[in-house]
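First to last, the protein sequences are chains E and G.
In terms of the numbering used here, the first sequence is residues 2 to 352.
In terms of the numbering used here, the second sequence is residues 2 to 352.
For every residue, glycine included, the Cβ atom is placed at its ideal position computed from N, Cα and C.
Number of protein chains: 2
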Amino acid sequence: MNDALETNSVERPRLSDVAALAGVSTATVSRALSNPDMVKGNTRERILQAIARLGYVPDGAARALASGRARMVGAIVPTLDNAIFARAVQGLQSTLSNAGYQLLISAHEYSLASETEAARALLERAVDALVLVGAEHAHETWDMVRASRIPVLITWTNTAAASEILTTTAPLIGFDNRLIGRLAAEHLLSLGHRTFGMISGVTRHNDRARHRVDGFRTALAEAGVRLPEANLIEQPFGFDGGRAGLKHLMQLRPRPTAVFCGNDVLALGALFEAQSMKIDVPHALSIVGCDNLPISSQITPGLSTVLLPTYELGQRAASTLLEWLATGQAPDNACLPIELVVRGTSGPAPN
Amino acid sequence: MNDALETNSVERPRLSDVAALAGVSTATVSRALSNPDMVKGNTRERILQAIARLGYVPDGAARALASGRARMVGAIVPTLDNAIFARAVQGLQSTLSNAGYQLLISAHEYSLASETEAARALLERAVDALVLVGAEHAHETWDMVRASRIPVLITWTNTAAASEILTTTAPLIGFDNRLIGRLAAEHLLSLGHRTFGMISGVTRHNDRARHRVDGFRTALAEAGVRLPEANLIEQPFGFDGGRAGLKHLMQLRPRPTAVFCGNDVLALGALFEAQSMKIDVPHALSIVGCDNLPISSQITPGLSTVLLPTYELGQRAASTLLEWLATGQAPDNACLPIELVVRGTSGPAPN
DNA sequence: CTGAAAGCGCTTACAG
DNA sequence: CTGAAAGCGCTTACAG
Numbered sequence: 002m003n004d005a006l007e008t009n010s011v012e013r014p015r016l017s018d019v020a021a022l023a024g025v026s027t028a029t030v031s032r033a034l035s036n037p038d039m040v041k042g043n044t045r046e047r048i049l050q051a052i053a054r055l056g057y058v059p060d061g062a063a064r065a066l067a068s069g070r071a072r073m074v075g076a077i078v079p080t081l082d083n084a085i086f087a088r089a090v091q092g093l094q095s096t097l098s099n100a101g102y103q104l105l106i107s108a109h110e111y112s113l114a115s116e117t118e119a120a121r122a123l124l125e126r127a128v129d130a131l132v133l134v135g136a137e138h139a140h141e142t143w144d145m146v147r148a149s150r151i152p153v154l155i156t157w158t159n160t161a162a163a164s165e166i167l168t169t170t171a172p173l174i175g176f177d178n179r180l181i182g183r184l185a186a187e188h189l190l191s192l193g194h195r196t197f198g199m200i201s202g203v204t205r206h207n208d209r210a211r212h213r214v215d216g217f218r219t220a221l222a223e224a225g226v227r228l229p230e231a232n233l234i235e236q237p238f239g240f241d242g243g244r245a246g247l248k249h250l251m252q253l254r255p256r257p258t259a260v261f262c263g264n265d266v267l268a269l270g271a272l273f274e275a276q277s278m279k280i281d282v283p284h285a286l287s288i289v290g291c292d293n294l295p296i297s298s299q300i301t302p303g304l305s306t307v308l309l310p311t312y313e314l315g316q317r318a319a320s321t322l323l324e325w326l327a328t329g330q331a332p333d334n335a336c337l338p339i340e341l342v343v344r345g346t347s348g349p350a351p352n
Numbered sequence: 002m003n004d005a006l007e008t009n010s011v012e013r014p015r016l017s018d019v020a021a022l023a024g025v026s027t028a029t030v031s032r033a034l035s036n037p038d039m040v041k042g043n044t045r046e047r048i049l050q051a052i053a054r055l056g057y058v059p060d061g062a063a064r065a066l067a068s069g070r071a072r073m074v075g076a077i078v079p080t081l082d083n084a085i086f087a088r089a090v091q092g093l094q095s096t097l098s099n100a101g102y103q104l105l106i107s108a109h110e111y112s113l114a115s116e117t118e119a120a121r122a123l124l125e126r127a128v129d130a131l132v133l134v135g136a137e138h139a140h141e142t143w144d145m146v147r148a149s150r151i152p153v154l155i156t157w158t159n160t161a162a163a164s165e166i167l168t169t170t171a172p173l174i175g176f177d178n179r180l181i182g183r184l185a186a187e188h189l190l191s192l193g194h195r196t197f198g199m200i201s202g203v204t205r206h207n208d209r210a211r212h213r214v215d216g217f218r219t220a221l222a223e224a225g226v227r228l229p230e231a232n233l234i235e236q237p238f239g240f241d242g243g244r245a246g247l248k249h250l251m252q253l254r255p256r257p258t259a260v261f262c263g264n265d266v267l268a269l270g271a272l273f274e275a276q277s278m279k280i281d282v283p284h285a286l287s288i289v290g291c292d293n294l295p296i297s298s299q300i301t302p303g304l305s306t307v308l309l310p311t312y313e314l315g316q317r318a319a320s321t322l323l324e325w326l327a328t329g330q331a332p333d334n335a336c337l338p339i340e341l342v343v344r345g346t347s348g349p350a351p352n
C-alpha cells in the first residue's frame with residue numbers, strides 16, 4: 002500500500018519530506034533520530050511512521066558536515082591477505098558497527114608511501130579516527146595525521162617508534178613484540194637447543210618484526226648463545242618466504258636444530274619445506290611461529306607458536322577509540338597478554 | 002619554516018584559507034583540485050603551493066554533500082575471517098583506491114538480518130555503490146537498496162536468486178557455482194569412484210552453497226549415481242565443520258571413497274580429520290575442495306580443488322562499478338572462469 | 001579562465 | 001517539547 006510512495010518517487014526522500022508527512026519541523030525529525038528522548042513519545046511515533054512509510058534513509062554526508070562527525074573510523078593495515086590482520090579487522094569492524102560506526106579500510110602492502118596515500122584518502126573522507134599498525138610511519142603520514150586533529154591509535158606494538166626525530170606519538174594498543182621473541186627463545190633453550198635459526202619478516206619499516214628479532218636474540222644472548230648473522234634470514238611474509246628461509250638455514254653448518262619464525266605464515270612455509278626436504282620435525286628440527294592462526298593448531302607435525310589475541314586487539318582498539326571519541330580523553334597505552342602454545346617441539350636429537 | 006602555520010593554527014585549514022592565501026576565489030581552488038585543466042597553470046601553481054603550505058586536506062563530507070558523490074563504495078561480505086573473502090576484498094579495495102574511491106566494509110556472518118543492518122549503515126554513509134555477495138538477500142535489504150537508487154553489484158554467483166517474488170535484480174559478477182560441483186563430480190567419477198559424500202556449508206540463505214550441491218548431485222545423477230541424503234551433510238564453514246562432516250561420512254556404509262567439500266576450509270578440516278582417523282588420503286579417500294587457498298597447494302596429502310579467481314573477482318567488481326558510476330550504464334553480467342586443480346586424488350582402492 | 005552566490009541535507013544553539 | 005534559522009565546507013551552474 003505504500004508502493005506508490007516508495008516506487009514512484011523519483012527522488013530519494015529527504016528529512017524535509019519526513020517532516021512534512023509527520024507535520025513537524027525538520028529539527029524535530031532530526032532530534033527524533035539522534036536524540037529520541039528529546040521528543041514526545043507521541044510525536045516520535047508519528048515521525049517513525051513517516052520514516053517507515055517513505056523508506057527514509059538519512060544522508061550521511063549532510064549529517065557529517067552538520068554535526069562534525071562522520072561516524073566512520075579508518076584503518077590502514079599492511080594487508081588483508083594475512084588471516085591475522087583479517088581477524089583483527091573483523092574484531093574492529095564488529096565492535097565499531099555495534100556502536101554505529103562504520104569502518105573504512107585500506108591496505109598498504111608494507112609500503113610506507115602507499116600508507117601515506119591511504120592516510121590521505123581516509124582523512125579526506127573525514128573519518129572520526131584512524132587506526133594504524135605499528136609505530137613506524139612516514140614523516141608525511143604523521144604530519145597529516147597530526148594536522149587532522151583526530152584521534153589516532155597505534156596497534157600491534159606497545160613501543161613508540163625508536164627513531165623519533167618526531168615528537169609525535171599516539172596511544173599504543175598492542176603486544177610486546179620483544180617478549181614474543183623471548184618466549185620462543187626461552188622455550189627452545191629449555192628444550193636443550195643450542196643452535197638456532199630465525200626467519201624474520203622484512204624488518205625495514207616494520208618495528209614489530211624488528212622487535213621480535215631483538216627479543217629472540219637478546220634472550221639467547223642472556224643464555225650465552227649467539228645468533229650469527231647468517232642464522233637470521235629475512236623473507237617476505239608468505240609460504241614461499243618461509244620455505245626459502247628454511248632452505249637457507251638448513252645448509253648452514255652447524256645446522257640449526259631450532260628455528261623461530263616471525264609469524265605463522267613463515268613458520269608454516271618452513272614446515273612445508275622441512276617436509277619437502279624430509280627433515281623430521283620436530284625431532285631433527287623444532288619450529289616456533291607466532292600468531293596461532295587457526296590452521297596452526299590443525300597442522301601436523303605440530304607447530305608451536307605464540308598466541309596473539311588479534312581479534313581481541315581489534316575489539317579493544319575499537320572500544321578504546323569509541324571512548325576516546327565520546328570523552329575526548331586520550332587513552333592510556335595497553336599491552337595485551339600473549340602466550341606460548343607448545344605443540345610438537347622437542348629437544349635436539351642426540352648425536 | 003611552515004611550522005608556525007601547521008602547528009599553531011588551532012583550526013584545520015579550509016578551502017577558504019587556501020583561497021585567501023593564493024589570492025583567488027574558493028571556486029577556483031575547488032576547480033584546481035577536481036578539474037585542474039580548468040584553471041590557468043600559473044594560478045594552479047599558486048594554489049598548490051598554498052595547499053602544501055597549509056597542509057590543506059579537503060573535507061569529504063562537504064564535498065560529498067555538494068557534489069553528490071562520496072567517492073566511497075560499500076561492500077558487505079559474509080566474513081573477513083575466510084581468506085577467500087579477504088582476498089576478494091583486497092582486490093576490490095586496491096582497484097577502488099587506485100581510482101580514488103575508498104572502501105567501506107562490513108561483514109554479516111551469514112545472517113540476513115545483520116546484512117540488512119549493514120546495508121542500512123552503509124547507505125546512511127552515502128556510499129556511491131554497493132557490493133554484495135550472493136543473490137539471496139532479505140526483502141528489506143533489496144527494498145533499501147532499490148530505494149537508494151545507487152548501483153548495486155552482486156558477486157560470487159552468476160545466477161539471480163531463484164525464489165524471486167521480487168522483481169529486483171542487479172548485475173551479477175561471479176562464478177558458476179553449479180559448475181564447481183559438476184567439475185568435482187566429473188573428476189571423481191572419471192577416477193572410478195561410485196560412492197560419494199559431500200560436506201556443504203549451510204545452504205539456508207546461501208545460494209552459492211546450494212548451487213554447488215546442486216551441480217555435484219546433478220552431475221552424479223547424469224552418470225547414474227545417486228547421492229543419498231545421508232551422504233550430504235551441512236556444516237558451518239570452518240575446520241571443525243569439515244572434521245565433523247568427515248566423521249559423519251566415514252561411518253556410513255558403504256563408506257564413501259570420495260568427498261566433495263563446499264570450500265577449502267571444509268576440505269582442509271576433512272583432510273585433518275582423515276589424518277586423525279588414520280585414513281589414507283588419497284588412496285582410501287579422495288577429497289576435492291573449492292577455492293584453491295594458498296594453503297591448499299602446500300598441504301600434504303594433496304588436496305584437489307576448484308580454483309576460484311577471487312582476487313580478480315574483487316578487481317573486476319571494482320572496475321565494473323567504476324565504469325557504471327562513470328557512464329551511468331548498468332553493466333552486463335559476467336561469469337569468471339574457474340578450473341579444477343588436481344592434487345593427490347586417486348581412484349577408489351580395489352577391494 | 002575566474003568569481004559571486006546559491007545550494008547540497010542535515011544539526012544545533014537559541015528562543016519560546 | 002518544538003520551531004525558525006544559521007551554518008557546516010564544499011561544488012557548480014551562471015555570468016562575465
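Any 3 or more C-beta pairs closer than 8 Å across the region 300 to 311 of chain E and the region 323 to 331 of chain E: no
Chain G contacts made by the region 143 to 161 of chain E, where a contact means CB separation under 9 Å: D144, M145, R147, A148, S149, R150
Within-7 Å CB hit, G/D241 to chain E: Position 240 of the second sequence, counted from the first residue, corresponds to residue 241 of chain G. So, not an interface residue.
Reduced DSSP secondary structure (H/G/I, E/B, other) of E/S354: The requested residue 354 of chain E does not occur in the structure, where chain E is confined to residues 2 to 352.
Unbroken stretches of the alpha helix (DSSP H), 4 residues or longer, contained in the region 256 to 292 of chain G: 265 to 277
Distance between E/I174 and G/L16 (C-alpha atoms, nearest Å): Start at 1 with the first residue of the second sequence, and residue 16 of chain G comes out as number 15. Start at 1 with the first residue of the first sequence, and residue 174 of chain E comes out as number 173. Answer to the nearest angstrom: the Cα atoms are 35 Å apart.
Start and end residues, beta strand (DSSP E) containing E/T44: For the purposes of this step, residue 44 of chain E is identified with residue 43 of the first sequence, where counting begins at 1. E/T44 -> not in any beta strand (DSSP E); alpha helix (DSSP H) instead, spanning 42 to 55.
Residues of the region 77 to 92 of chain E with Cβ closer than 8 Å to any Cβ of chain G, in chain order: T80, L81, D82, A84, A87, R88, V90, Q91
Cα-Cα separation, E/R211 to E/A53: Along the first sequence, read from residue 1 onward, the residue named residue 211 of chain E stands at position 210. Along the first sequence, read from residue 1 onward, the residue named residue 53 of chain E stands at position 52. When rounded, the distance between both Cα atoms is 55 Å.
Bounding residues of the beta strand (DSSP E) (the contiguous stretch that carries E/T306): Here residue 306 of chain E refers to the residue found at position 305 when the first sequence is read from its first residue. Start and end: 305 to 308.
Among G/P172, G/V343, G/G56, the one whose alpha carbon lies nearest that of G/E324: Locating residue 324 of chain G in the second sequence gives position 323, where the first residue counts as 1. Nearest C-alpha to G/E324: G/P172.
7 Å Cβ cutoff, G/Q50 in contact with chain E: To locate residue 50 of chain G, count along the second sequence from 1; it is residue 49. Chain E contact via Cβ: absent.
Proximal residues to E/A33 (C-beta, below 6 Å), its chain only, five neighbours per side dropped: Residue numbering aside, residue 33 of chain E sits at position 32 when the first sequence is read from its first letter. If we look at E/A33 and ignore the five residues flanking it on each side, its Cβ neighbours are V40, R45, I48.
Contact the region 221 to 240 of chain E vs the region 177 to 197 of chain E: 3+ CB pairs below 8 Å: yes
7 Å Cβ cutoff, G/V30 in contact with chain E: For the purposes of this step, residue 30 of chain G is taken as residue 29 along the second sequence, with counting starting at 1. No, its Cβ sits nowhere closer than 7 Å to a Cβ of chain E.
Neighbourhood of E/P310 by C-beta, 6 Å cutoff - its chain only, sequence neighbours within 5 removed: As a first step, residue 310 of chain E must be located in the first sequence, where it is residue number 309. Only L337 meet the Cβ criterion.
Continuous alpha helix (DSSP H) stretch holding G/S112: start and end: In the second sequence, the residue the question calls residue 112 of chain G occupies position 111. First-last for G/S112: undefined, no H or E at that position.
Per-residue DSSP class, three states only, for G/S298: Here residue 298 of chain G refers to the residue found at position 297 when the second sequence is read from its first residue. Three-state result, G/S298: helix.
C-alpha gap between E/D4 and G/E141, whole angstroms: For the purposes of this step, residue 4 of chain E is taken as the residue at position 3 of the first sequence. For the purposes of this step, residue 141 of chain G is taken as the residue at position 140 of the second sequence. Note that E/D4 has pLDDT 37, beneath the 50 cutoff, so the model's placement of it is unreliable and no number is given.
C-alpha gap between E/S35 and G/S115, whole angstroms: Along the first sequence, read from residue 1 onward, the residue named residue 35 of chain E stands at position 34. Along the second sequence, read from residue 1 onward, the residue named residue 115 of chain G stands at position 114. Distance between the alpha carbons of E/S35 and G/S115 is about 21 Å.
Exposure of G/S68, with buried meaning 16 or more beta-carbon neighbours within 10 Å: Taking the first residue of the second sequence as 1, we reach residue 68 of chain G at position 67. Classification for G/S68: exposed.
Alpha-carbon to alpha-carbon, G/I288 and G/L272: For the purposes of this step, residue 272 of chain G is taken as residue 271 along the second sequence, with counting starting at 1. For the purposes of this step, residue 288 of chain G is taken as residue 287 along the second sequence, with counting starting at 1. Cα-Cα distance, rounded: 7 Å.
Residue ranges of each beta strand (DSSP E) within the region 136 to 219 of chain E, 3 or longer: 153 to 156, 173 to 175, 197 to 201
Inter-residue Cα distance where the pair is E/I77 and E/I200: Locating residue 77 of chain E in the first sequence gives position 76, where the first residue counts as 1. Locating residue 200 of chain E in the first sequence gives position 199, where the first residue counts as 1. Going by the C-alpha atoms only, they are around 25 Å apart.
Reduced DSSP secondary structure (H/G/I, E/B, other) of E/R85: Working through the first sequence from its first residue, we reach residue 85 of chain E at position 84. This sequence places Ile at residue 85 of chain E; Arg is not what is there. If DSSP states are grouped into helix, strand and coil, E/I85 belongs with the helices.
Neighbourhood of E/I106 by C-beta distance below 7 Å, restricted to the same chain and skipping five residues each side: Along the first sequence, read from residue 1 onward, the residue named residue 106 of chain E stands at position 105. Once the five neighbours on either side are set aside, the close Cβ partners of E/I106 are A76, V90.
For G/R150 and E/T8, the rounded distance between their alpha carbons: Indexing the first sequence from 1 puts residue 8 of chain E at position 7. Indexing the second sequence from 1 puts residue 150 of chain G at position 149. Residue confidence for E/T8 is low, a pLDDT of 42 falling below 50, so the modelled location carries little weight and cannot support an answer.
Contact set between E/Y265 and chain G, taken where Cβ atoms lie within less than 8 Å: For this step, residue 265 of chain E is matched to residue 264 along the first sequence. Per the sequence presented here, residue 265 of chain E reads as Asp, with Tyr not at that position. Those within 8 Å of E/D265 in chain G number zero; the least Cβ separation is about 11 Å.
7 Å Cβ cutoff, G/V58 in contact with chain E: Within the second sequence, numbered from 1, the residue matching residue 58 of chain G stands at position 57. Taking Cβ atoms only, chain E reaches closer than 7 Å to G/V58, which makes this a yes.
Segment limits, beta strand (DSSP E) that includes G/E235: On the second sequence, position 234 is the one that residue 235 of chain G refers to. Residues 233 to 235.
Assigned secondary structure, G/L131 (DSSP; H/G/I helix, E/B strand, else coil): Within the second sequence, residue 131 of chain G is the residue found at index 130, counting from 1. DSSP places G/L131 in strand when its eight states are reduced to three.
C-beta atoms of G/R355 and G/G263 nearer than 7 Å: The question about residue 355 of chain G has no answer, for chain G in this structure spans 2 to 352.
Neighbour flag for E/L238 against chain G, beta carbons, 7 Å: Looking up residue 238 of chain E in the first sequence gives position 237. The sequence given here has Phe at residue 238 of chain E, not Leu. No, its Cβ sits nowhere closer than 7 Å to a Cβ of chain G.
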